[in-house]
Every structure is written in C-alpha cells, then in structure tokens.
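Just below is one structure, and these are the notes that go with it.
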Amino acid sequence: MSYFESRLRLNPSNFEDIEQKLNFCRDLGIVNLILEFENGDNKITPELKKKISKFSASKIYYRTTIKPKNLDDLKKKLKQTKNISDITSVESSDRKVQIQAAKDSRVDLISFSDEHIIKTITPGVISLTKQNNSFIEFSLGPIMVKNKASQSRFLRSLYRALQLATLLNANYIISGNFDNMFNLRHPRALVSISHTLLDVSLLKAKMAFSKNVITLINRAKMRQNKNYIETGVKLINRGDM
Numbered sequence: 390m391s392y393f394e395s396r397l398r399l400n401p402s403n404f405e406d407i408e409q410k411l412n413f414c415r416d417l418g419i420v421n422l423i424l425e426f427e428n429g430d431n432k433i434t435p436e437l438k439k440k441i442s443k444f445s446a447s448k449i450y451y452r453t454t455i456k457p458k459n460l461d462d463l464k465k466k467l468k469q470t471k472n473i474s475d476i477t478s479v480e481s482s483d484r485k486v487q488i489q490a491a492k493d494s495r496v497d498l499i500s501f502s503d504e505h506i507i508k509t510i511t512p513g514v515i516s517l518t519k520q521n522n523s524f525i526e527f528s529l530g531p532i533m534v535k536n537k538a539s540q541s542r543f544l545r546s547l548y549r550a551l552q553l554a555t556l557l558n559a560n561y562i563i564s565g566n567f568d569n570m571f572n573l574r575h576p577r578a579l580v581s582i583s584h585t586l587l588d589v590s591l592l593k594a595k596m597a598f599s600k601n602v603i604t605l606i607n608r609a610k611m612r613q614n615k616n617y618i619e620t621g622v623k624l625i626n627r628g629d630m
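Mapped onto the working numbering, the consecutive letters of the sequence shown carry residue numbers 390 to 630.
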C-alpha cells in the first residue's frame, strides 16, 4: 500500500531548504509526497518542478492552497487556478467561503488543518464535498506544539471533527503538515497515531493516507480533461464510439 505525506510546505525561493526537507523525507522512507509552496498561490512553475524532479527520486505531486479573505477573493483566486492541474485546496474559517468552495468543481480539497479552522467544520460542508466528490483535509501537525494546553484543545477539536466525518461517511485525507522538519513522521506512524490517539478505525486511517489521496490526485488530473463533466460522466467523441 502506498502511503502519502499530503502536505509538505516548502519555501519556493530557498532551494537549499527544499533539498534539506526532501532529503529528510528520503531518510525517513517517505516516497510519496504532495508539495505545497508557501508565500503565494502561483509559485509552482514548470522550471521549479523540473529542478525538483531531477533532484528527488520520490513520487512528487503538487497542491495550491488558496486562503481567501471572503467570497469575492475566493472567486478571484479560483480564476487564477483555471489551467492548473495540481490539487486545488481552499483553507478558510469563513463558513460562507467553505460552502461556496465545496460547491465549486474546481476545488479538490477543503482544508481544516489549523485549530481555529477545524472548529468551523459543519455537516453541510461535508455533505457538499460528498456530492462533488471532493475531499476534506485534517492535519496532525498541531499535535506537536509545545504548549500542552493548545495541544489538548486541538486534539479535542480534531477528535470531534473526525467523529463527525466518520458519522457522515465523509471523503477525507489526513496530512502531517508539520511546521518543523524534525517533527516529520512516516505516514505509517501517523496511521497508528490516528488509530490509537484519535479513535479512527485502522481501515479508515489507512485510506486517509493512501487510497483517498490517490483518488484526490486523480480528481485533480481529470479536471484538465476537456471531456470530463463530473465523476463517472465523460463526453465521448464520435470517433471513439
């Protein structure tokens, strides 16, 4: 089974930092990575992708995370991702933004990674992502904070959110999304944490780090297929009949 670290944040202007983190992932045995470049929505250039692919033997995919201020900002930023085949994620504590993003077929992932955002998750957003065959994201990064009170608050919020997701049979992935490189763990270890600490069934935990991530990647790729309408529906050219 292929396990993924679905959110490794990198500084696009510091290739030395990129090399260091990718080397660390290699040493940990993490071979499937989804990279996110910080400080901007459109930093994933073909040149940078090529440079990374030459350097790393890992299977690498990319994501762009939009952090809109409001609905108008969401619409503006989504227009900029029109021709991007990478995973498009939206992260916002504004429930109106979450609802609109969950309705939009250009959005692959609604992220509930931060403590102040995870508290805003609702059954409505989960229902819309299921209808649109998109995904919810949870992250384990905040459990590594040194402040025990903050850690405890986040764990309670994450536990409640995961219980809701399980109850509603949500499509979701779990990422590490660690701030500190040295907090990185192999996804197999994170599966165990999700199972033992957060009471996620072992099957669901494995899916959140493997099968669901593959489905998410394929969804993003399919958006660039001009014949694609929605999952399970595709236009067929007369010559293909």
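Positions of the beta carbon are idealized from the N, C-alpha and C atoms, including for glycine. If you're wondering where the values come from, they're calculated on a predicted model, not measured in any experiment.
Hey, how far is the Cα of Thr-511 from the Cα of Ile-488?
Reading the sequence shown from its first residue, position 122 is the one you call residue 511. Reading the sequence shown from its first residue, position 99 is the one you call residue 488. When rounded, the distance between both Cα atoms is 9 Å.
What is the residue span of the alpha helix (DSSP H) that Lys-465 lies within?
The residue labelled residue 465 in the question sits at position 76 within the sequence shown. Run containing Lys-465: 460 to 469, per the alpha helix (DSSP H) assignment.
Residues of its chain near Met-630, where Cβ-Cβ distance is below 8 Å and the 5 sequence neighbours each way are ignored:
Position 241 of the sequence shown holds residue 630. Any reading at Met-630 is ruled out, since the residue's pLDDT is 47, under 50, leaving its predicted position unreliable.
So, with DSSP's three-state summary, where would you put Glu-394?
Taking the first residue of the sequence shown as 1, we reach residue 394 at position 5. Strand.
Helix or strand or just coil, what does DSSP make of Lys-537?
Here residue 537 is taken as the residue at index 148 of the sequence shown, counted from 1. Residue state, collapsed to three classes: helix.
8 Å Cβ cutoff met for Gly-530 and Phe-567:
The residue given as residue 530 occupies position 141 in the sequence shown. The residue given as residue 567 occupies position 178 in the sequence shown. Going by C-beta atoms, Gly-530 is nearer than 8 Å to Phe-567.
How is the alpha helix (DSSP H) around Lys-440 delimited, first residue to last?
Locating residue 440 in the sequence shown gives position 51, counting from the first residue. It spans 435 to 444 - the alpha helix (DSSP H) in which Lys-440 sits, taken as one unbroken run.
If I'm right that Ser-523 touches Ile-499 with Cβ under 8 Å, what's the distance once you round it to whole angstroms?
Here the question's residue 523 lines up with position 134 in the sequence shown. Here the question's residue 499 lines up with position 110 in the sequence shown. About 7 Å separates the two Cβ atoms, so the contact holds.
Cβ neighbours of Lys-508 in the same chain (closer than 7 Å, five flanking residues each side left out)
Counting from 1 along the sequence shown, the entry for residue 508 is found at position 119. Closer than 7 Å at Cβ, skipping near neighbours: Ser-546.
Where Asn-569 and Phe-404 are concerned, what is the direct C-alpha to C-alpha distance, given to the nearest angstrom?
Taking the sequence shown and counting its residues from 1, the one referred to as residue 569 is at position 180. Taking the sequence shown and counting its residues from 1, the one referred to as residue 404 is at position 15. Distance between the alpha carbons of Asn-569 and Phe-404: 17 Å.
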